[in-house]
Amino acid sequence: MVTTHVLWLFTILVTCHCADVHIYPDIPEEDGLHLVPGSQVTLSCRSSEKINWIHKSFPAEELTPKYDLYVEGEDHVSNLTIPIVSYKHVGSYMCQSTTHNKSIYIYVTDKSHLLFKPSSFDLFAALNSDVIIPCKPTHTAVDVCLYDSDYNKFTDYDPKLGFKVKDVTVFNSGYYVCEANTTFTEKQTFHLSPAEPDLPVPVITSDGEDSEDTILDVMVGGTLNMMCSVELRDMEKIQGLLWEMWPAQKSGMNDTRVQIISEDKEIDEDTREVTVQLIIHNVTYQDSGNYSCKLLGVLEGSQTQKHQAVHVLGVNESYLDVSTESKVEVLRPEGFEKVEWSVIWKSSAKPTFAWYSPQGKEIIDDPEMDRYEVTFEKMKTVLAVHYLTLKDAGRYTLIATIPGIRKEMNFTLLVESGAQVTLEPLGIYYKAGETYNFHCNVMGYPLPNVTWLFQKCDQYPKCDIDFVEIPKDQYEHSVFNSSEIVSTEIRSKFIWVANTPGMLMCRACNSVSYQKKHICNNATIDLLVTDLTNGYSITGPSETYEKDDVTLVCGANKYHYAPNISMKYQSVMGNGNIVNQIINNPSQGIYLNTVATKYSNTVHMKLSSVHVNQSGNYSCEASRVGHGGEVKGTEVVWYNMHVQVLVVPKFKPGSTKTGSPIYSKTGEEVLLRCSVLGTPPPTIIWYKVRINY
């Protein structure tokens with residue numbers, strides 16, 4: 290036991306860098322701190338976490354302890370000061386952090402007041418439970434006894450709690466007398482009412498989240514908003530749900546800053562939800578403390594309650610801490626079902642959170658949950674990425690903010706994949722002598738190695754046995770990042786001059802850990818060189834006139850067509866349904882000449898001095914063959930030739946008349962018109978003084 294009759298003033302120089310709670314003076318809890326009336330005492334509490342003092346309410350402002358909250362180094366410090374100690378201050382004082390708590394008990398040696406004064410002398414106990422009757426002394430020098438109405442004396446006693454009545458039944462209901470004796474006797478009378486324990490416990494939430502077991506921080510000048518709710522099935526057993534603010538004599542319900550909003554709504558035909566919302570605007574430091582929400586039953590003393598510690602912070606006391614137990618860098622194979630990161634936060638105010646993808650876009654929770662899933666829980670936020678692809682690789686960022694503070698946390702996702710190769714052809718045939726740029730797109734992680742290879746096919750479809758690697762100086766790579774830290778894509782360009790037909794291959798190789806081997810994938814396209822348009826065509830002049838010499842060229846590539854090419858003619862005059870085979874007939878001005886090149890077979894047909902009745906449709910027919918030389922059918926292409934009648938040129942009306950003088954002043958514009966009709970369109974030449982312009 291420690292006893293004092295002097296003023297208690299403590300200056301604490303101890304620093305604690307742990308989550309445990311420490312109270313100074315460091316007195317064993319079983320001994321308690323012994324004070325005298327009129328003295329002053331300061332209790333100092335330290336912890337590496339936020340802390341808050343909890344103790345009973347006092348009926349008068351002058352009895353309410355004063356608080357001093359601050360941060361010293363890495364410690365949170367709270368000093369509780371009682372300026373004038375009274376016997377009414379007897380009791381337990383608890384300092385709680387987010388995860389720990391510690392208590393100190395105060396005795397007051399007051400010779401005029403022997404018994405602790407409880408907040409109520411009407412007690413309630415559930416049937417078959419134990420109940421404490423708070424018959425206890427103000428200091429340990431006082432002997433205390435408890436008797437029931439039959440003057441039975443109780444012995445199960447703790448000077449800090451009172452007397453315990455075990456296994457309460459209806460026979461325990463009634464009056465109990467608490468008696469203390471020194472030089473005089475002091476008595477108190479309690480009444481105990483047993484009843485069924487069917488009152489639910491209220492739930493306190495803030496901003497829609499359960500604030501149980503946490504200290505609710507609010508910035509000075511801000512708004513405190515707490516909701517207390519309870520679900521009830523039997524409204525007749527309830528008096529009401531109410532907020533009881535602590536300390537009792539602070540501004541309270543008469544303060545214009547305070548709003549109380551009550552609501553009673555039906556959940557289903559058997560259940561109702563009762564809520565009472567407490568809003569305090571323009572919060573001050575004096576609003577710090579322990580708030581309680583009580584559900585009162587109709588039986589005397591029956592109640593349940595929930596407490597909420599509130600800590601008011603100044604502008605310079607704001608803090609925001611984010612941490613994670615997840616791996617900040619994760620390597621997974623493509624197609625993996627899910628990767629997730631969990632971030633725990635502690636803050637002086639509820640933060641706003643935003644998750645960002647490697648592309649810098651904010652991630653919005655996908656309702657179908659097939660790609661991203663973002664959840665916000667009590668003191669925690671979680672990002673999950675589903676069904677991984679290469680495009681998911683990169684840095685994911687969480688940004689948490691409160692006014693004046695911004696915190697960022699980064700996570701890296703690496704997605705392993707064998708090479709994925711895409712090589713698109715630029716067409717079916719490639720014109721001999723022309724230059725083409727081929728692009729091969731490769732994706733994979735680790736970043737694949739890309740090479741180009743070529744296989745000659747001079748006698749297509751017969752090719753050389755092997756692909757030959759193209760020298761690296763004939764192609765170039767560009768590496769692209771899926772994010773600023775991960776490279777997963779290569780675009781390779783190969784420049785090729787169409788000369789030799791063959792097959793072009795783009796090959797990419799990398800090693801992936803989940804398959805434990807070196808993997809190569811490739812894409813291949815045919816390069817068929819031709820000297821014809823689209824590999825099979827018939828061509829001729831765009832305009833044809835009487836007496837012109839006309840040459841039509843019919844050609845088919847050697848890859849897909851047999852060399853036997855024929856030409857036919859269908860007149861558009863008279864009976865146009867007759868199709869005639871064209872043969873070489875120089876006497877009629879028809880000349881046929883067969884030409885074979887490296888890439889194609891062609892027939893050149895020359896018509897000398899054509900006339901109008903040679904207008905019509907000229908066809909070119911070739912047999913399409915398979916890779917084995919088998920004929921698969923005949924294909925036909927058409928050329929329509931329209932021979933136009935010659936028309937002698939003549940002037941159109943509106944032309945400037947010849948021989949007529951034109952008079953003009955110096956500097957004026959002179960407009961001469963010459964419009965001529967004729968087929969083919971005549972060539973107009975202007976002359977001045979027989980000088981040809």
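290 is the number of the first residue of the sequence shown in the numbering used here; add one for each residue after it.
The beta carbon of each residue, even a glycine, is placed where N, CA and C say it ideally should be.
Look at residue 311 here: in three-state DSSP terms it is strand.
Exposure of residue 963 is indicated by the presence of fewer than 16 other C-beta atoms within 10 angstroms of its C-beta. Between the segment 750-761 and the segment 661-676, the count of C-beta pairs closer than 8 Å stays below three; the two stretches do not touch. Per DSSP, the beta bridge partners of residue 745 are 791. Going by beta carbons, residue 893 and residue 840 fall inside the 8 Å limit. Ranked by Cα distance from residue 507, the options 890, 782, 691 and 837 are led by 691.
By the Cβ test, the segment 824-842 is not in contact with the segment 798-816, since fewer than three Cβ pairs between them sit closer than 8 Å.
The alpha carbon of residue 723 has as its nearest neighbour, out of 816, 708, 744 and 664, the alpha carbon of 816. Annotated three-state conformation of residue 876 is helix, per DSSP.
The C-beta distance from residue 801 to residue 706 rounds to 7 Å, short enough to meet the 8 Å contact threshold. Across the set 653, 726, 696 and 793, the C-alpha of 793 shows the shortest separation from the C-alpha of residue 742.
A straight line joining the alpha-carbon of residue 425 with that of residue 662 spans about 56 Å. When 604, 673, 717 and 645 are compared, the shortest CA-CA separation from residue 615 is found for 673. For residue 378, the three-state secondary structure derived from DSSP is helix.
Excluding residues up to 5 positions away in sequence, 456, 457 and 458 lie with their Cβ nearer than 8 Å to the Cβ of residue 417 in the same chain. The residue among 704, 790, 780 and 721 with its C-alpha nearest the C-alpha of residue 745 is 790.
Judged by DSSP in its simplified three-state form, residue 449 adopts coil rather than helix or strand. At a Cβ-Cβ threshold of 8 Å, residue 961 and residue 945 count as neighbours.
One thing to note: residue 679 has its Cβ no nearer than 8 Å to the Cβ of residue 620.
Taking the C-beta atoms as reference points, residue 370 is found no nearer than 8 Å to residue 396. Following the DSSP letters along the chain, one finds residue 975 in no beta strand (DSSP E), marked with neither H nor E.
Per DSSP, the unbroken beta strand (DSSP E) holding residue 807 starts and ends at 806-819. By the Cβ test, the segment 624-634 is in contact with the segment 675-689, since at least three Cβ pairs between them sit closer than 8 Å. DSSP, read as helix, strand or coil, puts residue 521 in strand. The segment 924-935 and the segment 903-912 touch, with no fewer than 3 CB-CB distances between them shorter than 8 Å.
Excluding residues up to 5 positions away in sequence, 607 lie with their Cβ nearer than 6 Å to the Cβ of residue 693 in the same chain. Close CB contacts of residue 598 within its chain, under the 6 Å cut and outside five residues either way in sequence, are with 341, 504 and 579 (chain order). When 474, 700, 701 and 780 are compared, the shortest CA-CA separation from residue 709 is found for 780. Note that the C-beta distance between residue 812 and residue 715 is not below 8 Å. Counting the other Cβ atoms within 10 Å of the Cβ of residue 311 gives 16 or more, which makes it buried. The three-state secondary structure of residue 661, taken from DSSP, is strand. Per DSSP, the continuous beta strand (DSSP E) segment holding residue 892 begins and ends at 889-896. Taking each of 387, 460 and 420 in turn and checking the Cα distance to residue 445, the smallest one comes out for 420. Where residue 963 is concerned, there is no enclosing beta strand (DSSP E), because DSSP gives it neither an H nor an E.
With fewer than 16 other Cβ atoms from the protein chains shown falling within 10 Å of its own Cβ, residue 432 counts as exposed.
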